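Note that this note's numbering numbers the sequence shown so that position 308 is 426, with each residue one more than the last. The C-beta atom is built at its ideal place from N, Cα and C for all residues, glycine as well. Keep in mind the model is a prediction, meaning the values are calculated, not measured. What follows is one structure encoded as structure tokens, with my remarks underneath.
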Amino acid sequence: MAFNTSPVLPTVPPPIHPSFTDAHDEDTVDKWVHRLPDMIRLTGRHPFNAEPDTKALVNQGFITPAAMHYVRNHGPVPQLSWESHRITVSGVGVPQPHTFSMDELLSLPQRTLPVTLVCAGNRRKEVNVHRKSKGFNWGAGAVSNSLWTGVPLHVLLEQCGLNARDLPPGSYWVNFDGPDGELPKGVYGTSIPLRKALDPAQDVLVAHKQNHEPLMPDHGFPVRMIIPGYIGGRMIKWLTRITISHEPSQSFYHYHDNRVLPSSVDQERADREDWWRKPEYIINDLNLNSAITHPSHNEEIPLLENGTYKIQGYAYCGGGRRVHRVEVSLDDGQSWELVEMSKEEYPTEHGRFWSWRLWHLDVDVLRLASGKSVACRAWDDSQNTQPRDLTWNVLGMMNNSWFRLKTSLHRNTQQQLVLHVHHPAPIGSLGWMEKGTGVTAMAPGKEQGGAQHVEEKSIPVREIRKDLPAISSTELARHKSRTDCWIAIKGLVYNVTPYLKEHPGGVGAIVMNGGKDATEDFEAIHSRTAWRMLDKYLVGVLSPSSPGTSSPPSLRTSGGAPASIPAAKVALQGKGKKLKCKLLEKEYAAPDVLRLKFALPHGNATLGETGDEAVHACLQGRCQGSRGTPG
Ligand code: HEM
């Protein structure tokens with residue numbers, strides 16, 4: 119069967135070459151890497167994990183410029199050279215193992231094709247808002263589409279004498295490894311079945327160009343894997359070794375990353391019962407997904423009569439299947455309308471679709487305002503579509519629930535009536551999911567085995583020992599090396615030196631925060647497990663006089679009112695008394711702990727004797743049953 123393949127390659131937008139380094143990288147090992155300062159950083163300064171603003175991404179069109187392509191780095195970017203880099207090919211059943219130089223790669227047949235890369239954690243922040251997973255927050259920008267050029271993997275393997283016909287029966291895997299010594303838990307490696315690698319229809323590439331230019335360091339210079347239709351986590355960057363074996367990769371990262379475990383399995387259970395090694399939970403093919411990029415979060419759309427708004431977004435799918443339609447609902451899923459799909463995406467000569475599809479829908483602004491939400495969902499050629507609700511899983515992977523915006527009417531500063539747009543969980547801002555308003559989403563844990571989730575909800579408020587020494591910021595600043603590293607988080611000081619070598623984010627990520635307040639960087643990334651690990655390293659309390667620090671919340675609550683507050687009225691005396699308080703502030707104290715600040719009815723008042731009594735917070739008349747000591 120002949121497919122209507124593209125007669126020409128898609129046009130590539132003018133390349134963006136960031137000409138200097140970003141100030142964020144100044145004191146990191148990546149200080150030599152050129153990056154776009156507009157990229158949204160997701161894991162503090164280092165390692166670099168970043169996504170573009172999704173509106174800007176889609177504005178670039180079908181092909182994403184390399185500098186705007188999302189980046190997922192587990193550690194420092196290796197400094198490799200074209201001249202000296204080598205890729206070795208060896209292993210079971212390889213008749214002529216060989217080490218290829220980069221120039222040798224160029225002498226082999228080449229192929230160029232557009233391929234969409236997606237991090238399996240795309241849209242993870244929505245998952246984390248429900249309940250923190252082990253992974254850090256991604257918005258909806260962990261997706262990009264570029265032209266990739268390289269040697270088809272089957273060609274490279276055939277160069278080494280490997281031929282599917284001559285292999286004895288058995289199971290065979292192709293393992294890909296990055297450079298040795300790259301990460302604390304060893305080499306970042308993974309594997310795919312050899313039959314996939316040898317199938318020309320799968321278009322697996324050993325790629326050395328993105329959008330006709332050499333790879334950028336963040337994208338794997340000088341060479342990386344491209345496995346169309348697969349999740350980004352299998353496309354090893356800085357490729358150094360290809361090995362054939364009877365077993366899948368033994369890399370730590372192959373087992374402990376890129377899996378979707380059932381929602382009833384939390385991290386403790388996964389570790390205890392070694393769910394990481396159950397082969398059925400591995401993710402390879404991308405799932406069907408879509409998101410709205412226009413309007414953006416906090417966009418204000420003027421309510422003009424006869425005005426129209428162009429809703430835009432992207433959609434993608436795995437396994438070479440095609441997204442054949444996207445639908446938008448303006449009434450929270452009661453009815454759906456078809457959007458206009460982009461026309462740039464063509465099948466390969468084997469009938470595979472490896473690229474995303476951009477789409478748009480022009481909508482009357484007054485109609486847009488009459489509903490309170492905008493949702494999108496995609497459909498693939500098997501007539502599968504996206505679910506309404508997300509399914510929590512411990513790694514927070516593959517969230518593909520309907521992408522839902524909420525809208526509200528208000529007057530802007532010029533007294534103009536505008537439609538205010540809220541995304542579900544944007545990076546760097548509170549979305550409607552975090553504000554807890556409106557559109558319902560199924561609380562994960564109401565599925566099978568839900569009861570197990572209840573205790574997972576929050577990070578326990580730690581009891582702080584009163585005998586802990588006060589540590590000044592000057593003292594803290596003395597401990598900032600690989601052999602003596604202290605950090606402060608939320609006003610508490612930790613000596614994390616013994617943990618450095620085990621840290622999944624690398625030694626450098628912690629040491630560059632050594633001697634400093636690391637609250638922001640720590641909070642941005644870590645799971646409940648990491649928060650609990652901290653206790654083991656607690657050595658003191660950052661003295662309140664230290665400039666630039668706030669006193670720890672747990673301290674404020676453990677020892678009663680500090681001596682500096684003058685004696686005042688006691689607002690709450692005796693058991694069972696109730697006080698009506700006004701909500702002053704909402705703030706995230708930890709990834710999944712919301713701190714609410716209330717005003718006592720009288721300005722100059724204390725809550726009362728703290729002793730051992732518990733205080734119950736009743737929100738809008740409903741007692742939450744949570745206990746805490748008065749602060
Ligand atoms: C403030 C300094 C720190 C920074 C900047 C930092 C950075 C990171 C990063 C970037 C990752 C993600 C690695 C990846 O998946 O690529 C990570 C993961 C992790 N880090 Fe840290 N880290 C810091 C301190 C700590 C400390 C003090 C602990 C424990 C005592 C810790 C425990 C963990 C754990 C357990 C993970 C795995 C993911 C999770 O369970 O949250 N980190 N860290």
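Exposure label - residue i; buried when at least 16 CB within 10 Å
i: I134; result: exposed
i: V130; result: buried
i: L422; result: exposed
i: E300; result: buried
i: H330; result: exposed
i: L527; result: exposed
i: E445; result: buried
i: S645; result: buried
i: A496; result: buried
i: L610; result: buried
i: P366; result: buried
i: D480; result: exposed
i: R368; result: The residue asked about is misnamed: residue 368 is Gln in this sequence, not Arg. Exposed.
Contacting residues, own chain, Cβ-Cβ under 6 angstroms from residue i (five flanking each side not counted)
i: Y655; result: Y612, N613, V614
i: G279; result: P213, Q214
i: P680; result: Residue placement at P680 is poorly supported in this model, since its pLDDT is 26, which falls under 50; the coordinates still yield a value, given next. Result list for P680: empty, nothing under 6 angstroms.
i: F218; result: I205
i: S473; result: P232, T234, N263, E463
i: G666; result: At G666 the pLDDT is 44, less than 50, meaning the model places this residue with poor confidence; the figure from the coordinates comes in the next sentence. There are no such residues.
i: N240; result: W256, A260, V261
i: K598; result: G632, G633
i: K303; result: F370
i: I354; result: F294, G296, M343
i: T558; result: Legend: pLDDT at T558 = 38, less than 50; position of this residue unreliable, value from coordinates given subsequently. Closer than 6 angstroms at the Cβ level, and outside the excluded window around T558, lies no residue.
i: G209; result: T361, I362, S363
Residue i vs residue j beta-carbon contact at 8 angstroms
i: S447; j: A493; result: yes
i: Y464; j: V261; result: no
i: H364; j: Y306; result: no
i: H540; j: H415; result: yes
i: K428; j: H478; result: yes
i: M516; j: N424; result: no
i: G658; j: P544; result: no
i: I108; j: G632; result: Outside the shown range of the chain, which is 119 to 749, sits residue 108, and nothing can be said about it.
i: H192; j: P170; result: no
i: P132; j: G626; result: no
i: I349; j: A238; result: yes
i: I607; j: A636; result: yes
i: V383; j: W393; result: yes
Contact set for residue i: own chain, Cβ-Cβ below 7 angstroms, skip 5 residues either direction
i: W200; result: M220, P340
i: L127; result: T230, L265
i: F471; result: G438, R439, R440, E463, P465
i: K149; result: T139, D143
i: R506; result: G451, S519, W520
i: P196; result: P297, E300, W356
i: T182; result: L175, S262, N263, S264
i: Q534; result: P420
i: E417; result: V539
i: K243; result: N255, W256, G257, A543, I545
i: D499; result: R439, R440, H442
i: G549; result: H415, H540, H541, P542, A543
i: T601; result: T615
i: Q178; result: P131, M186
i: C603; result: H597, V614, T615, L618, I628, V629, G632
i: V236; result: A260, V261, I349, G350, L404, Y434
Contacting residues, own chain, Cβ-Cβ under 8 angstroms from residue i (five flanking each side not counted)
i: L226; result: V269, V273, L274, Q277
i: K619; result: P302, V625
For this session: Entirely within the stretch 326-354 and at least 3 residues each: give me those beta strand (DSSP E) ranges in chain order.
Result: 342-344
Problem set entry | Three or more C-beta pairs below 8 angstroms linking the stretch 342-354 and the stretch 291-306 | yes
For this session: Would you be able to state if there are at least three C-beta pairs under 8 angstroms between the stretch 521-536 and the stretch 388-397?
Result: no
Problem set entry | Three or more C-beta pairs below 8 angstroms linking the stretch 248-267 and the stretch 302-317 | no
Problem set entry | Contiguous alpha helix (DSSP H) assignments of at least 4 residues, all confined to the stretch 238-298 | 242-248, 271-277
Exercise. Going along the chain, which unbroken runs of the beta strand (DSSP E) with 3 or more residues stay wholly within the stretch 422-472?
Worked result: 426-434, 441-447
Exercise. Is the stretch 151-163 touching the stretch 389-408 in the sense that three or more CB pairs, one from each, lie closer than 8 angstroms?
Worked result: no
Problem set entry | Those runs of the beta strand (DSSP E) which lie wholly inside the stretch 154-186 and span at least 3 residues | 167-169
Exercise. Where are the beta strand (DSSP E) runs, 3 residues long or more, that stay fully inside the stretch 511-558, in chain order?
Worked result: 521-529, 535-540
Exercise. Curious, which full-length alpha helix (DSSP H) runs of at least 4 residues does the stretch 591-645 contain?
Worked result: 591-595, 625-629, 637-643
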